[in-house]
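So the sequences go chain by chain: G and P. For the first sequence, this note's numbering begins at 1 and goes up steadily by one. For the second sequence, this note's numbering begins at 1 and goes up steadily by one. Glycine included, C-beta positions come from ideal geometry on N, C-alpha and C.
Number of protein chains: 2
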Amino acid sequence: MTQEGILVVLSGPSGTGKGTVCKELLHHCPRLYYSISATTRQPRLGEVDGVNYHFVARGQFREMVEQDQLLEWAEVYGNYYGTPRKYVEAQLREGKDVVLEIDTQGAMKVKEKFPRGVFIFLLPPSLDELASRIWKRGTDSPDAIKRRLNSVNEEFQQIENYEYVVVNDNVQQAVKKIKAIIAAEKCRVVRSRQMIGSICSMQNM
Amino acid sequence: MTQEGILVVLSGPSGTGKGTVCKELLHHCPRLYYSISATTRQPRLGEVDGVNYHFVARGQFREMVEQDQLLEWAEVYGNYYGTPRKYVEAQLREGKDVVLEIDTQGAMKVKEKFPRGVFIFLLPPSLDELASRIWKRGTDSPDAIKRRLNSVNEEFQQIENYEYVVVNDNVQQAVKKIKAIIAAEKCRVVRSRQMIGSICSMQNM
């Protein structure tokens, strides 16, 4: 039997750079696996089923919800998005670590079903910086940006439900910290019972 | 105000290599400070006051105990040994991390007074290896070794009171893990309130 893998939940308000940090983290950790979301929205140009998303029909998605096959799910602009439980659990059972990049609402739903996950809140270096990142992205209207920044304040209140907080002032530094968190979590007594048992068993003597 | 430093308590049964690992850790972490014990025993050849130990008179030691100036203390073969609280607290206040290399009994006493310390249990790769290390050391009689190994079993029961366990099968690997633990602990939400407060305060907007 292998020591169970770790579910790393990387979360934070939009604009903190979750996506970039997650991509860089995966690049540095060949043994870390990315949990691919299921969605009912249409694939965009260049998106590949099973790589960017698992593209599923609405009926199939509803079935997944009914059969409790999702760690979390949400409706965004009429499309469903969710995290398939099966893949995550299979990887963890094999001792592989899985990373989930997800908004704060989704993260808290995952925590309910998976309290032994490692919940990391990614912070921008400052609110000014966050605002400027969202502006630069240019995908939102000024009103949408204002709403987004207001909701950020609410999301910040969620930090108390996380174990770790990492400031993304520098992607490489943030990745280094997340790698340290994963390495440290592997040394937790609560995760090492099997190894402790095999060493401390007096039969060895 | 600086973020408080971390008190790293490195512990485990004798023969696990606490001393070697601690020395190597200090070598790799120039910003980690070693807590020097106070003792009433006579300095051995080459030992320097304030470097290896704080050598104090018995009366002075008793005073330290009475004035609650020690995080823990014990009597070993008629001599007193203890961890001065003042040095540890001063370093932590300045944001410096302090490492304490200590037996399991002492570690648990420190935990009572310092629950926010990071308690790491160092394990030998196997009990056979532990026995062989104690034999090779050649400082104990066969009877003393037997007693020591029996007490090891009791010490193993203490692991549950620690947060982390690190196997010392390779000093460099063990040091790497302890460094990761320290880095991860610095990202704990409970230790980062001040930083979180400064970033999340809406005054920045």
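Measure the alpha-carbon distance for residue i versus residue j and round it to whole angstroms.
| i | j | result |
| --- | --- | --- |
| P/Trp73 | P/Pro84 | 9 Å |
| G/Gln203 | P/Asn153 | Low local confidence applies: a pLDDT of 48 at G/Gln203 is under 50, so the model's placement there is unreliable, and no value is given. |
| P/Val47 | P/Tyr33 | The sequence as given places Glu at residue 47 of chain P; Val does not occur at that position. Going from the Cα of P/Glu47 to the Cα of P/Tyr33 covers about 19 Å. |
| G/Lys136 | G/Asp103 | 20 Å |
| P/Val8 | P/Ala174 | 14 Å |
| G/His54 | G/Tyr87 | 11 Å |
| P/Ala38 | P/Lys96 | 20 Å |
| P/Lys176 | G/Val76 | 43 Å |
| P/Asn52 | P/Ala90 | 19 Å |
| P/Gly138 | P/Ala144 | 11 Å |
| G/Met205 | P/Pro43 | Any answer about G/Met205 is weak, because its pLDDT of 43 lies below 50 and its placement is not dependable; what the coordinates show is given next. Answer to the nearest angstrom: the Cα atoms are 37 Å apart. |
| P/Val171 | G/Gly50 | 42 Å |
| G/Gln194 | P/Ala184 | 23 Å |
| P/Leu25 | P/Gly12 | 16 Å |
| P/Glu4 | P/Arg31 | 13 Å |
| P/Val167 | P/Glu112 | 25 Å |
Taking the beta strand (DSSP E) that residue i falls in, what are its first and last residues?
| i | result |
| --- | --- |
| G/Ser11 | 7-11 |
| P/Glu66 | Not the beta strand (DSSP E): P/Glu66 falls in the alpha helix (DSSP H), residues 58-66. |
| G/Glu72 | 70-76 |
| P/Ile102 | 97-102 |
| G/Leu32 | 32-34 |
When you compare the CB positions of residue i and residue j, do they come within less than 8 Å of one another, or not?
| i | j | result |
| --- | --- | --- |
| G/Phe61 | G/Gly82 | yes |
| G/Ile182 | G/Ile36 | no |
| P/Val99 | P/Leu92 | no |
| P/Lys18 | P/Leu10 | yes |
| G/Tyr162 | G/Phe121 | yes |
| P/Ala131 | P/Phe119 | no |
| G/Ile134 | G/Asp140 | yes |
| P/Lys186 | P/Cys29 | no |
| P/Arg147 | P/Ser14 | no |
| P/Glu160 | G/Val110 | no |
| G/Thr229 | G/Pro124 | The shown model of chain G, from 1 to 205, leaves out residue 229 of chain G, and the question about it has no answer. |
| G/Ile199 | P/Ser126 | yes |
| G/Thr40 | G/Val21 | no |
| G/Val165 | P/Ser151 | no |
| G/Leu70 | G/Met64 | yes |
| P/Tyr80 | P/Arg58 | yes |
Report the three-state DSSP secondary structure of residue i (helix, strand or coil).
| i | result |
| --- | --- |
| G/Thr83 | strand |
| P/Thr16 | coil |
| G/Asn204 | Legend: pLDDT at G/Asn204 = 42, less than 50; position of this residue unreliable, no value from coordinates given. |
| P/Phe114 | coil |
| G/Glu160 | helix |
| P/Glu4 | coil |
| G/Ile199 | helix |
| P/Val21 | helix |
| G/Val51 | coil |
| P/Leu222 | In the structure as shown, chain P begins at 1 and stops at 205. Residue 222 of chain P is therefore absent and cannot be evaluated. |
What first and last residue would you give for the alpha helix (DSSP H) that runs through residue i?
| i | result |
| --- | --- |
| P/Asp143 | 142-157 |
| P/Glu129 | 127-137 |
| G/Gln173 | 171-186 |
Between the stretch 164-179 of chain G and chain P, which residues of the former have CB atoms less than 9 Å from a CB of the latter, in chain order?
-> Tyr164, Val165, Val166, Val167, Lys176, Lys177, Ile178, Lys179
Compile a chain-ordered list of the residues in the stretch 6-32 of chain G whose CB is closer than 7 Å to at least one CB of chain P.
-> none
Members of the stretch 142-161 of chain P near chain G, C-beta cut-off 8 Å = Leu149, Asn153, Phe156, Ile159, Glu160
Interface positions of the stretch 123-135 of chain G facing chain P (Cβ-Cβ less than 8 Å), listed along the chain = Leu123, Pro124, Pro125, Ser126, Leu127, Asp128, Ala131
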